[in-house]
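Participant:
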Amino acid sequence: RRAAPSAEDEFYVTVRPSGGAPVAAAADDEGCAVEARGDGSYAVTFSRRRAGTYEARAWLRGEAAGKGVRVVVAEGPLDFTQSGAAGDGLRVARAGVPTSFVIEARDRFGNLCGVGGERWLVRLVPEAAEEAALADAARAALGTLRVDDGGDGSYTVTATLGRTGRYRWEIAHDDLARRGVEAPPAA
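In this text, residue positions in the sequence shown follow the working numbering: the first is 55, and each later residue adds one.
1) Between the segment 131-138 and the segment 110-119, are three or more C-beta pairs nearer than 8 Å?
2) Please report the distance separating the alpha-carbon of ARG157 from that of ARG222.
3) Whose C-alpha, out of VAL169, ASP142, ALA97, is nearest the C-alpha of PRO131?
4) With three or more beta-carbon pairs closer than 8 Å as the criterion, would you say the segment 165-180 touches the segment 195-210?
5) ILE157: beta carbon under 8 Å from a heavy atom of the ligand MG?
6) Closest to ARG102 by CA distance: which of TRP174, GLY92, GLY85 is it?
7) Compare the Cα-Cα distances from VAL125 to each of ARG177, LEU144, PHE100 and report the closest residue.
8) Taking the beta carbon of PHE65 as the centre, do at least 16 other beta carbons fall within 10 Å, making it buried, or is it exposed?
9) For THR107, does the count of other Cβ atoms within 10 angstroms reach 16, so buried, or fall short, so exposed?
10) Could you tell me if THR270 is buried or exposed, where buried requires 16 or more neighbouring beta carbons within 10 angstroms of its beta carbon?
11) Report the option in TYR96, GLY122, GLY92, ASP133 whose CA atom is closest to the CA atom of ARG70.
12) Under 7 Å Cβ to Cβ from GLY216, same chain only, skipping five residues before and after it: list those, please.
13) As an exercise, report each continuous alpha helix (DSSP H) stretch of at least 4 residues that is fully enclosed by the segment 64-126, in chain order.
Right under this line is the structure:
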């Protein structure tokens, strides 16, 4: 990892969040590599873990060399090890009242995937000790279950439980379920 550029460097490039303060950007700045091509042009490579809009700026002897360039770093593909579910509906619900939680599809760096279209399989299962008494209530709740695609990598799950008791949510991605692979448990 290269040290932060200084005014003594002949030519360097910074990539910072657009509109972000340089101090805040330094924590996310993973450095840039600049390679002279020998024809007066330079190749710049950089890596960012956080999706978003950045400004790349070239510097020559500590002075800005021209205007900055807008760079958009897109989210990566779905990574099940970074994805999960969150919300009160995972832990508590009231009989007869809709409850909800959110499944968050994230890339390998933890960015929300930014697009929808994933297919999730969600089941409500009674805990073993109460399985016989609550099986019908769990099946009835699944009849009210909705998974709403937020279009940004978030999926809101809503269901109404008809009877009090101890249940657990089972969440799997459709692709994994078809291949017989278990998805990570809801958080």
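Beta carbons: idealized from backbone N, C-alpha and C, even for Gly.
Facilitator: Let me lay it out:
1) Contact fails: fewer than three Cβ-Cβ distances are below 8 Å.
2) Arg is not the amino acid found at residue 157; the sequence shown has Ile there. Rounded to the nearest whole angstrom, the C-alpha separation of ILE157 and ARG222 is 15 Å.
3) Nearest neighbour of PRO131 by Cα position, chosen from VAL169, ASP142, ALA97, turns out to be VAL169.
4) They touch, by the three-pair rule.
5) No copy of the ligand MG appears in this structure; indeed no ligand is present at all.
6) The shortest Cα separation from ARG102 among TRP174, GLY92, GLY85 belongs to GLY85.
7) The candidate whose alpha carbon is nearest that of VAL125 is PHE100.
8) Sixteen is the threshold: since fewer than 16 other Cβ atoms of the shown chains lie within 10 Å of the Cβ of PHE65, the residue is exposed.
9) Around the beta carbon of THR107, a 10 Å sphere encloses fewer than 16 other beta carbons of the protein chains shown; the residue is thus reported as exposed.
10) Here the chain has residues from 55 to 241 only, and residue 270 is not among them.
11) Of the candidates TYR96, GLY122, GLY92, ASP133, the one whose C-alpha sits nearest the C-alpha of ARG70 is GLY122.
12) Cβ neighbours of GLY216 beyond the five flanking positions: ALA149, GLY150, ALA191, ALA194, ALA195.
13) Entirely contained in the segment 64-126, the alpha helix (DSSP H) runs reaching 4 residues are, in chain order, 76-82.
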